[in-house]
Amino acid sequence: MRTYLSFFRMRFLMNLQYKVAAWAGMATQFVWGGMYILLFSAIYSFSSAPKPMGLDQLTTYIWLQQAFLALIMLWYRDGGLFDLIISGNVAYELVRPVRLYPMWYTRLLSHRLAGVLLRFAPILLVSMLLPYPYGLSAPESLSSFLLFIATLLNGTLLTVAYSMIISISMFRTLSAVGSLTLFGLVSEFLAGMVIPLPLMPLGLQKILMVLPFWLTGDFPFRIYTGHIPVSDALYGVAMQFAWTIVLVSIGIIWLRRIQRKIIIQGG
Amino acid sequence: MIDVKNLSKHFKVYKRKNGAFGAVRSLVKPEYEYIHALDDVSFSIGKGEIVGYIGPNGAGKSTTVKVLSGILVPDGGEVIVNELVPWKDRKSHVANIGVVFGQRSQLWWDVPVHDSYELLRDIYRIPADRYAANVSVLTELLDLEKLLPVPVRQLSLGQRMRCEIAASLLHDPGILFLDEPTIGLDAVSKLAVRKFIRQINKERNVTVILTTHDTGDIEALADRILLIGKGKILYDGRFNELKKKFHASRTLKVHFTGEAREIPSVTGILKLNVHENEAEVVFDPENISASALITYISGILQITDLEIETVEAEEIVAGLYREFEI
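Line by line, the protein sequences are chains A and B. In this text, residue positions in the first sequence follow my numbering: the first is 12, and each later residue adds one. In this text, residue positions in the second sequence follow my numbering: the first is 80, and each later residue adds one.
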């Protein structure tokens with residue numbers, strides 16, 4: 012446990028080293044969130060058809076998305092881990108008396124947690140001060156707020172399991188740009204990060220709700236806004252656990268197979 | 080302590096003809112060949128030895144180190160280190176070894192050195208008092224005082240290498256693998272690193288396996304060398320004996336004034352060349368010592384200056400490579 016806490020500490024220190032990046036990231040998220048909200052409110056004002064989600068729910072959804080981006084972004088990656096694999100410095104990881112999968116899992120988790128800890132509070136604070144319906148609203152109820160936190164963290168475990176598979180695939184491809192861009196674009200859409208899931212056609216929604224992507228962000232955010240009542244959340248929570256187990260297992264087995272065949276090139 | 084029997088490992092290397100055409104062709108019909116990085120390698124190393132592992136580029140030195148440190152799984156053969164098989168019992172094996180890959184870094188690039196050390200402390204579960212004691216000893220020996228609070232990216236290569244070596248010894252390993260530890264270092268840093276390696280070998284009885292291209296390292300450190308070429312062990316023995324074997328003879332150059340007289344040959348003199356005011360005497364130090372030879376010649380010629388050509392370690396190694404055609 013101490014080992015893993017130490018990784019977290021290290022990661023946090025490293026993120027603090029880049030203060031400008033943290034500020035710039037935050038600014039980007041404000042602009043991005045604001046842009047999305049303007050876009051959706053324009054669409055909402057032009058159409059009189061009944062909406063699957065109220066504008067206040069939608070803006071809350073978007074601000075939460077921006078505040079917790081580091082936890083839910085599927086393309087968010089630990090460049091250090093990629094470099095390790097591509098450069099062959101992974102040799103050093105293999106001479107540590109720690110199992111590789113848990114070590115890297117902790118590393119990726121720490122990266123995300125450290126990223127979010129530096130940013131989420133200011134975004135939430137400022138968005139709370141914005142006038143209705145453009146700001147962040149209060150959660151539906153205390154129970155939905157607590158369930159939101161639980162499912163968000165649970166979803167993070169799932170996101171990290173997914174990122175692990177992407178990182179392990181680096182052993183095979185040794186190139187980050189191509190595969191990541193593709194994975195990122197597709198999974199982002201499937202996760203409802205481009206268009207929130209409730210605004211998609213019903214048929215597509217049904218398919219997406221079987222896949223793991225929506226469980227990381229869309230699901231907890233909709234619990235917060237009350238779009239998914241606490242009483243209906245069991246399906247999603249069960250799916251979160253199931254998918255985490257599946258993705259972690261795939262990652263462990265794949266990494267173990269690769270470890271047997273590993274070649275460290277270049278001296 | 081380390082037992083290696085019939086170790087072998089091969090790699091598949093893809094070949095591609097140059098240019099666009101070659102690239103397309105290799106897509107359709109990839110060509111590759113097998114490189115036997117290690118081919119039936121056997122040796123054993125005892126506790127507290129310093130072994131220099133030498134060989135030309137691509138001979139299999141690093142591959143051996145990677146197998147011994149549990150990173151690579153070999154194709155065949157047996158390796159037992161401290162009663163463990165490195166790649167099977169990786170976790171318990173690596174807890175007792177320290178590794179430095181001269182071309183890579185184990186320190187975190189963006190944070191100060193001591194933060195990396197603290198992470199290693201927690202990874203290896205080093206007790207607080209051991210950690211403190213080791214850091215202070217290593218800091219003193221390697222002169223790290225000023226380097227510890229500096230982010231790694233701001234260190235020079237030599238400074239970083241000293242920090243890397245200290246990092247690999249924080250957990251009191253019994254065996255230290257050094258893969259080209261002095262690569263790219265200036266003379267002062269090289270000497271510091273060599274002195275340090277000798278010291279920890281002596282004081283802590285750490286077994287050291289060192290691969291290097293720097294013959295100075297070998298001469299300064301290794302009691303014993305292993306020569307590897309084309310994946311096979313070609314020589315296993317003391318470096319001094321090798322020296323004798325390859326350069327049994329030495330050359331004495333004498334400058335003199337006055338008449339150039341003939342020097343009558345005695346036992347030990349292999350070759351004589353007397354010019355106008357310079358004589359070259361090739362002799363076998365086993366049969367006649369340099370001082371005896373000088374006394375003998377000074378009885379014949381009026382010597383003004385003399386020099387004995389010493390054998391460079393570099394030449395011995397080059398001679399070895401030539402002899403074994405590697």
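Every residue gets a Cβ at the ideal spot worked out from N, C-alpha and C, and that includes glycine.
In the DSSP assignment, what residue or residues form a beta bridge with residue i?
i: E112 of chain B; result: B:V92
i: N352 of chain B; result: B:E359
i: S123 of chain B; result: B:D82
i: E386 of chain B; result: B:K332
i: K30 of chain A; result: Its beta-bridge partners do not exist; DSSP assigns none.
i: G139 of chain B; result: Beta-bridge pairing links G139 of chain B to no other residue.
i: Q216 of chain A; result: DSSP, once it has assigned bridges, lists no residue as partnering Q216 of chain A.
i: L117 of chain B; result: B:K88
i: T374 of chain B; result: DSSP output for T374 of chain B lists no bridge partner at all.
i: L289 of chain B; result: B:G131, B:L257
i: P191 of chain B; result: B:P230
For residue i, which of helix, strand or coil comes out of DSSP?
i: L16 of chain A; result: helix
i: K309 of chain B; result: coil
i: Y87 of chain A; result: coil
i: N97 of chain B; result: coil
i: F200 of chain A; result: helix
i: F180 of chain B; result: strand
i: Y314 of chain B; result: strand
i: G156 of chain B; result: strand
i: L69 of chain A; result: helix
i: L258 of chain A; result: helix
i: Y103 of chain A; result: helix
i: R303 of chain B; result: strand
i: Q238 of chain B; result: helix
i: L151 of chain B; result: coil
Given a cut-off of 8 Å, decide if residue j and residue i are closer than it, judged by their beta-carbon atoms.
i: L331 of chain B; j: V360 of chain B; result: yes
i: T117 of chain A; j: Y15 of chain A; result: yes
i: P260 of chain B; j: I279 of chain B; result: no
i: I261 of chain A; j: I176 of chain A; result: yes
i: D258 of chain B; j: T290 of chain B; result: yes
i: G181 of chain B; j: P252 of chain B; result: no
i: I114 of chain B; j: V92 of chain B; result: yes
i: E116 of chain B; j: G139 of chain B; result: The sequence given here has Ala at residue 116 of chain B, not Glu. Yes, the pair counts as a contact, with Cβ atoms nearer than the cut-off.
i: L168 of chain A; j: T71 of chain A; result: no
i: F79 of chain A; j: L27 of chain A; result: no
i: L220 of chain B; j: F256 of chain B; result: no
i: I83 of chain A; j: T192 of chain A; result: no
i: V83 of chain B; j: S123 of chain B; result: yes
i: F335 of chain B; j: L372 of chain B; result: no
i: P113 of chain A; j: P209 of chain A; result: no
Would you mind telling me which residues of chain C sit closer than 8 Å to residue i, beta carbon to beta carbon, in chain order?
i: L128 of chain A; result: This model lacks chain C altogether, as its protein chains are A and B.
In angstroms, rounded to a whole number, what distance separates the CA positions of residue i and residue j?
i: P61 of chain A; j: Q68 of chain A; result: 14 Å
i: P153 of chain B; j: G310 of chain B; result: 13 Å
i: F131 of chain A; j: H250 of chain B; result: 38 Å
i: L227 of chain B; j: A299 of chain B; result: 28 Å
i: I160 of chain A; j: G90 of chain A; result: 27 Å
i: A271 of chain B; j: G155 of chain B; result: 39 Å
i: R20 of chain A; j: A125 of chain A; result: 9 Å
i: E199 of chain A; j: V214 of chain B; result: 47 Å
i: S195 of chain B; j: R277 of chain B; result: 25 Å
i: P109 of chain B; j: K94 of chain B; result: 8 Å
i: K30 of chain A; j: V192 of chain B; result: 20 Å
i: P135 of chain B; j: A397 of chain B; result: 9 Å
i: T143 of chain B; j: R401 of chain B; result: 22 Å
i: L147 of chain A; j: P231 of chain A; result: 15 Å
i: I48 of chain A; j: I73 of chain A; result: 7 Å
i: L153 of chain A; j: P133 of chain A; result: 22 Å
i: I304 of chain B; j: R169 of chain B; result: 27 Å
i: I264 of chain A; j: Q76 of chain A; result: 32 Å
i: V127 of chain A; j: A38 of chain A; result: 14 Å
i: E151 of chain A; j: Y143 of chain A; result: 15 Å
i: L219 of chain A; j: T184 of chain A; result: 28 Å
Chain-ordered residues of the segment 282 to 313 of chain B with a beta carbon less than 7 Å from chain A: none
Note down, in chain order, all residues in the segment 139 to 158 of chain B with a beta-carbon under 8 Å from any beta-carbon belonging to chain A. S141, K145, S148, G149, I150, L151, V152
Quick one, which residues of the segment 78 to 96 of chain A are near chain B if we go by CB-CB under 7 Å, in chain order? none
What residues in the segment 177 to 196 of chain B bring their beta carbon closer than 7 Å to a beta carbon of chain A? V178, F180, Q182, R183, S184, Q185, W187, D189, V190, D194
With 8 Å as the C-beta to C-beta threshold (strictly closer), list the residues of the segment 98 to 110 of chain A near chain B in chain order. S98, G99, N100, A102, Y103, L105, V106, R107, P108, V109, R110
So if I threshold CB-CB distances at 7 Å, which residues from the segment 113 to 130 of chain B count as touching chain A? none
Quick one, which residues of the segment 141 to 166 of chain A are near chain B if we go by CB-CB under 9 Å, in chain order? none
The segment 15 to 36 of chain A: which residues have C-beta closer than 9 Å to a C-beta of chain B, in chain order? Y15, L16, S17, F18, R20, M21, L24, M25, Q28, Y29
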